[in-house]
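Heads up, the thing below is written out as structure tokens.
Numbering (the numbering used here), first residue to last: 5 to 372.
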């Protein structure tokens, strides 16, 4: 008696599928490195030219510092502009301008010596206006002590509004994008308040949202609200001529909260030393110790990978998740803080091609 191969089973099919995923990921990364990154850097140079024209020295300093020290935020976000073997230039201009505005406002609230919540809220209204072309513009520096930026914020907002208006299906993602942006702004306002009130303000606000997102601790959900990745994923969808509600909901739920939480927690993970020295807020400090932190980070990795794998283009979204680990855990801060073993654990937890993507990221860092 011989055993017969079931008719639905085809030897080599799984291996072929794996090779196809790897092939697609290679093409995606080649396009990103060779086509997208050079364009991002040219756009950032253009924004730096405008930043240098800020009449107020402190505003000029913070605008240029954010472009220099946080360029990797724009570079990372730009992966969402990869379209096959091409770069969607309109979407790239939108993401670069929006992320540049986010980073500038973060620097202003963090480094310019202000603690006035009204000033922070008014500044961050620019992020909402940037993604809502029909909203009236505001005086974003109304409550801020410094005002003369030479039109820097207004130009960034205008660029975003212009590009958003060109997205064929933006009306399908608009409400979700503005809700996520509103949460981002709420986090930024509260996290920059004076130390005596910021922690309570943050916890009170986040605990009101927690019932919507079971499985997360308050600091993890707070971290998720600080990521722009869900917004970028939705903007990528809005490029399509035809878009259905199911795909919008599925994408939003995949990215927020788990992929977004992983994103920002990794950022805080590599900033532990400088945040302790600067007495800055760091969401990884709210774990009971390193064992709990590593367990929760591994859970975030597992959940993020599972969410990405369930989307319609898992190669792209899994590459985003792997890229997050690769980008942050290839940073020199990991070696400087003796976090190599913990980083290795997280990379192995993600599995897939994360080891190879991390090696590639280290190579790209040397070239850029």
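Yeah, the Cβ is synthetic: ideal placement off N, Cα and C, and Gly gets one too. Here the structure is a predicted model, which is why all the values come from computation and not from measurement.
If distances are taken between C-alpha atoms only, which option among the options comes closest to residue i?
i: residue 334; options: 307, 349, 306 and 365; result: 365
i: residue 321; options: 85, 303, 340 and 145; result: 85
i: residue 111; options: 341, 80, 73 and 33; result: 73
i: residue 237; options: 184, 117, 132 and 367; result: 184
i: residue 351; options: 369, 58, 370 and 331; result: 331
i: residue 94; options: 126, 306, 142 and 172; result: 172
i: residue 175; options: 218, 299, 338 and 242; result: 242
i: residue 318; options: 347, 259, 141 and 360; result: 259
i: residue 137; options: 256, 158 and 232; result: 158
i: residue 113; options: 234, 342, 361 and 70; result: 70
i: residue 122; options: 67, 190, 218 and 51; result: 190
i: residue 314; options: 257, 360, 37 and 91; result: 257
i: residue 276; options: 201, 342 and 359; result: 342
i: residue 181; options: 155, 255 and 206; result: 255
i: residue 293; options: 311, 273 and 278; result: 273
i: residue 316; options: 218, 250, 205 and 61; result: 250
i: residue 282; options: 324, 187 and 115; result: 115
On the DSSP bridge list, what partners appear for residue i?
i: residue 86; result: 91
Say whether chain B places a C-beta atom closer than 8 Å to the C-beta of residue i.
i: residue 105; result: Among the chains of the structure shown, chain B does not appear; only one protein chain is present.
Leaving out five residues before and five after residue i in sequence, what residues of the same chain have Cβ atoms less than 7 Å from its Cβ?
i: residue 120; result: 147
i: residue 97; result: 47, 163 and 167
i: residue 103; result: 77, 78, 81 and 232
i: residue 291; result: 297 and 300
i: residue 359; result: 351
Is it right to say residue i is buried, meaning 16 or more other beta carbons lie within 10 angstroms of its own, or is it exposed?
i: residue 130; result: buried
i: residue 128; result: buried
i: residue 169; result: exposed
i: residue 194; result: buried
i: residue 149; result: exposed
i: residue 289; result: exposed
i: residue 244; result: exposed
i: residue 271; result: buried
i: residue 229; result: buried
i: residue 246; result: exposed
i: residue 199; result: exposed
i: residue 248; result: exposed
i: residue 329; result: buried
i: residue 240; result: buried
i: residue 340; result: exposed
i: residue 216; result: exposed
i: residue 56; result: exposed
i: residue 107; result: buried
i: residue 50; result: exposed
i: residue 220; result: buried
i: residue 234; result: buried
i: residue 362; result: buried
i: residue 280; result: exposed
i: residue 252; result: buried
i: residue 160; result: buried
i: residue 201; result: exposed
i: residue 370; result: exposed
Near residue i, which residues of its chain fall below 6 Å by C-beta distance, leaving aside the five closest residues on each side in sequence?
i: residue 210; result: 222, 225 and 226
i: residue 285; result: 195
i: residue 347; result: 333 and 338
i: residue 153; result: 58 and 63
i: residue 145; result: 151
i: residue 142; result: 129
i: residue 35; result: 86 and 89
i: residue 101; result: 160, 163 and 164
In terms of residues, what are the limits of the alpha helix (DSSP H) holding residue i?
i: residue 216; result: Here residue 216 belongs to no alpha helix (DSSP H), and DSSP marks it neither H nor E.
i: residue 40; result: Where residue 40 is concerned, there is no enclosing alpha helix (DSSP H), given that its DSSP letter is neither H nor E.
i: residue 249; result: 249 to 258
i: residue 314; result: Careful: residue 314 lies outside any alpha helix (DSSP H) and carries neither H nor E.
i: residue 190; result: 174 to 195
i: residue 276; result: 276 to 282
i: residue 77; result: 75 to 81
i: residue 221; result: Neither: residue 221 is in no alpha helix (DSSP H) and is coded neither H nor E.
i: residue 130; result: 121 to 134
i: residue 349; result: 344 to 354
i: residue 58; result: Careful: residue 58 lies outside any alpha helix (DSSP H) and carries neither H nor E.
i: residue 369; result: 358 to 371
i: residue 155; result: Careful: residue 155 lies outside any alpha helix (DSSP H) and carries neither H nor E.
i: residue 143; result: That residue, residue 143, is in no alpha helix (DSSP H); it is neither H nor E in DSSP.
i: residue 243; result: Residue 243 -> no alpha helix (DSSP H), and no H or E assigned at all.
Do residue i and the ligand MG come close, with the Cβ less than 7 Å from some heavy atom?
i: residue 347; result: Looking at this structure, you won't find the ligand MG or any other ligand, since it has none at all.
Apart from the five residues on each side of it in sequence, which residues of its chain come closer than 8 Å, Cβ to Cβ, to residue i?
i: residue 41; result: 79, 82, 368 and 372
i: residue 306; result: 353
i: residue 139; result: 132 and 133
i: residue 304; result: 224, 262, 265, 266 and 269
i: residue 43; result: 82, 91, 93 and 96
i: residue 344; result: 338
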